Amino acid sequence: MSECRNAQVSDGLRSYTGLDESIHSFLLRTQLSHDSNAKPRGVITPQGKWANFPFVNKELSHLFRRFADHQLLEAIDVSKSIDGRYNTLFDSPDFYVDRIKSTFFHDRKSLGLENNTANIRYCLDCVSEGIEQIGYGYFRHFWSVSNICLIHGRPLKQLPNLGFNKALKAVKAILRGKNVKSAITLPDSYGPTERHRGAVWYQTGKYFFPIKAASCLKYSFASWIERNLTQFRNEDLISSARHASFHYLLNTDQVKELDVREALACIHLLCTSLEPDLLREFYNSNVDYIGLELGPK
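Right, here's the structure in full:
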């Protein structure tokens, strides 16, 4: 059964070939395809690791103006863990949209202090398959969350701290389907990179909300919860909803406001599956939908 499940996972992930590229790989590959001598110092740190907040060299930012805003956001999002930060229901979309500018069109010249970097990992079989199937090799985003390639079931390779120049040379070789002699074979076990250590999304219970609700709806939603508690059928939902709505409506402590806001977002998620008809009534009474094309370009 486990072998069958592993095969299904492998086939499913392989079907996304070309669509699961990490943001670092996308930035690096696009710049190098234009100028093979480019020095992507916004992508690789001086120590030879992936930068936590990568960005494009200013002189090459024009390469990314041909992409639509939603394509650039998708390129960033594919490498983001689903941890709920800046992505809960009532968060302002400003930070979310502004990432386009800070990643692709900023005038930064150096990374500054990068405390939360990630090791450069790769599966040469995946890179070779990419070259064969779509014409180019790239780094998959999920190589940072396990020591094992989720497609081939074999340990990943990892670059040691080579420094910027040697790491860039090694990455170029990997993108051509060449192995790096100094690369370390990781142990055959789960092991996230340094950047991903700590509780992951399925341990914290936080979720990603690609659709945003106006902040002014928080009070309306909390009030709606309080009025409809007696109609909820799930006991766990009733308990959680009562706690969150009570604290939001009565609490003025701004320090706790973030926790309550996340709780309201989780209750909204539960209502979509447990009380969809009631939630639809809330939308009909309180919500107007508008579509806006936003972007710093």
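Each residue of the sequence shown is one higher than the one before, counting from 1 in the UniProt record's numbering.
Note that beta-carbon positions come from the ideal geometry of N, C-alpha and C, so glycine has one too.
All figures in this text were calculated on a predicted structure; none of them were measured in a lab.
May I ask you to report which of helix, strand or coil DSSP gives Tyr136?
Working through the sequence shown from its first residue, we reach residue 136 at position 136. Reduced to three states, the DSSP call for Tyr136 is coil.
Does the Cβ-Cβ distance between Thr103 and Ile120 come in under 8 Å?
Within the sequence shown, numbered from 1, the residue matching residue 103 stands at position 103. Within the sequence shown, numbered from 1, the residue matching residue 120 stands at position 120. Going by C-beta atoms, Thr103 is not nearer than 8 Å to Ile120.
According to the Cβ coordinates, are Pro160 and Ile184 closer than 8 Å?
Along the sequence shown, one-based indexing puts residue 160 at 160. Along the sequence shown, one-based indexing puts residue 184 at 184. Closer than 8 Å, so yes.
Along the chain, where does the alpha helix (DSSP H) containing Ile23 start, and where does it finish?
Position 23 of the sequence shown, counted from the start, is the residue given in the question as residue 23. Counting along the chain, the alpha helix (DSSP H) containing Ile23 begins and ends at Ile23 to His34.
Taking Thr166 as the reference, which of Lys49, Thr17, Leu270 and Ser215 has the closest Cα?
On the sequence shown, residue 166 is found 166 positions in, with the first residue counted as 1. With the sequence shown as reference, residue 166 is identified as Lys, and Thr is not the correct amino acid for it. When each option's Cα is compared against that of Lys166, the closest is Lys49.
Give the range of the alpha helix (DSSP H) segment to which Phe282 is assigned.
Within the sequence shown, residue 282 is the residue found at index 282, counting from 1. From DSSP, the alpha helix (DSSP H) with Phe282 extends over Pro276 to Asn286.
Using only the alpha-carbon positions, how far apart do Ile148 and Arg140 sit?
Residue mapping note: residue 148 aligns to position 148 of the sequence shown, counting from 1. Residue mapping note: residue 140 aligns to position 140 of the sequence shown, counting from 1. C-alpha separation (whole angstroms): 12 Å.
Taking the alpha carbon of Gly42 as the point to measure from, which residue in Ile23, Ser144 and Ser273 has its own alpha carbon closest?
The count along the sequence shown starts at 1 and reaches residue 42 at position 42. For the residues Ile23, Ser144 and Ser273, the minimum Cα distance to Gly42 belongs to Ile23.
Where does the unbroken alpha helix (DSSP H) through Glu74 begin, and where does it stop?
Residue 74 sits at position 74 when you count from the first residue of the sequence shown. Start and end: Asp69 to Asp77.
Assuming Ala51 and Ile44 are in contact, meaning their beta carbons sit under 8 Å apart, how far apart are those beta carbons, in whole angstroms?
Position 51 of the sequence shown, counting from 1, holds the residue named residue 51. Position 44 of the sequence shown, counting from 1, holds the residue named residue 44. Their Cβ separation, rounded to whole angstroms, is 7 Å, which keeps Ala51 and Ile44 in contact under 8 Å.
What are the boundary residues of the alpha helix (DSSP H) that Ala222 is part of?
For the purposes of this step, residue 222 is identified with residue 222 of the sequence shown, where counting begins at 1. Leu217 to Asn228 is the span of the alpha helix (DSSP H), which, as asked, contains Ala222.
If you follow the alpha helix (DSSP H) that Phe164 is part of, which residue opens it and which one closes it?
For the purposes of this step, residue 164 is taken as residue 164 along the sequence shown, with counting starting at 1. Where Phe164 is concerned, the enclosing alpha helix (DSSP H) stretches over Phe164 to Leu175.
Rank Glu21, Ser285 and Thr272 by C-alpha distance to the C-alpha of Trp143 and give the top, closest one.
Translated into the one-based positions of the sequence shown, residue 143 becomes position 143. Per the Cα distances, Glu21.
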